[in-house]
Structures are given as C-alpha cells and as structure tokens.
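Per our numbering, the very first residue in the sequence shown carries number 154; after that it's consecutive.
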Amino acid sequence: MGNDDWADQVAKQIEEHVKKNFPEGVSVPTDGSEDEAVRAVQKQFEDRGFGCPDATARDIVRRARGNSE
Numbered sequence: 154m155g156n157d158d159w160a161d162q163v164a165k166q167i168e169e170h171v172k173k174n175f176p177e178g179v180s181v182p183t184d185g186s187e188d189e190a191v192r193a194v195q196k197q198f199e200d201r202g203f204g205c206p207d208a209t210a211r212d213i214v215r216r217a218r219g220n221s222e
C-alpha cells in the first residue's frame with residue numbers, strides 16, 4: 154500500500170467517524186456569552202471522542218454567530 158493509499162484510507166475512516174458521531178453537525182448556542190458557547194461546542198466534541206482546542210471552538214462560534222473578530 155503506497156502512501157497515497159494509506160492517506161486516502163485514513164481520510165475515509167475519519168470522514169466515516171465524523172459522519173457517525175456528528176450526523177447533524179455541531180449546535181452553537183446563540184444566546185449567552187461567547188465563552189459559554191465555546192465551552193458548549195467543546196463539550197459536544199469531547200462527548201463524541203474528539204478534542205477541540207479553544208481557538209477552534211471560538212472560531213466555530215464566531216462564524217456561526219456571524220462575527221469573525
């Protein structure tokens with residue numbers, strides 16, 4: 154198996170895992186503070202076996218709320 158085959162296989166497994174564990178995507182709270190929403194997003198990732206760094210969760214929240222400060 155070449156490197157490309159291996160990478161394609163890993164990408165496919167990741168995609169399947171994400172689809173299985175996030176069938177409806179991530180729910181971003183629109184009320185409350187940004188910090189509370191960041192924690193809520195991170196918890197959703199953690200509950201499904203993924204890590205979500207603070208900066209990534211904050212970016213998700215800001216994009217969902219329509220402000221990319």
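C-beta atoms are modelled at their ideal positions from N, C-alpha and C, and glycine is treated no differently.
**Prompt:** Whose CA, out of Asp161, Arg216 and Val179, lies closest to the CA of Asp200?
**Reply:** Along the sequence shown, read from residue 1 onward, the residue named residue 200 stands at position 47. Nearest of Asp161, Arg216 and Val179 to Asp200, Cα basis: Val179.
**Asked** Considering only the beta carbon of each residue, do Arg218 and Ala193 sit closer than 9 Å?
**Response** Here residue 218 is taken as the residue at index 65 of the sequence shown, counted from 1. Here residue 193 is taken as the residue at index 40 of the sequence shown, counted from 1. Not in contact: Arg218 and Ala193 (Cβ atoms no closer than 9 Å).
**Message:** Beta-carbon within less than 6 Å of Ala210's beta-carbon, same chain only, minus the 5 sequence neighbours each way: which residues are those?
**Reply:** The sequence position of residue 210 within the sequence shown is 57, counting from 1. Taken in chain order, the residues that qualify are Val191, Val194 and Gln195.
**Asked** Quick one: Cα of Lys173 to Cα of Val163, how far?
**Response** Looking up residue 173 in the sequence shown gives position 20. Looking up residue 163 in the sequence shown gives position 10. When rounded, the distance between both Cα atoms is 15 Å.
**Prompt:** Using DSSP with H/G/I as helix, E/B as strand and the rest coil, what is Val163?
**Reply:** Counting from one through the sequence shown, the residue named residue 163 turns up at place 10. DSSP places Val163 in helix when its eight states are reduced to three.
**Message:** Going by DSSP, what residue range makes up the alpha helix (DSSP H) through Arg218?
**Reply:** Against the sequence shown, residue 218 aligns to sequence position 65. Here the alpha helix (DSSP H) through Arg218 covers Asp207 to Arg218.
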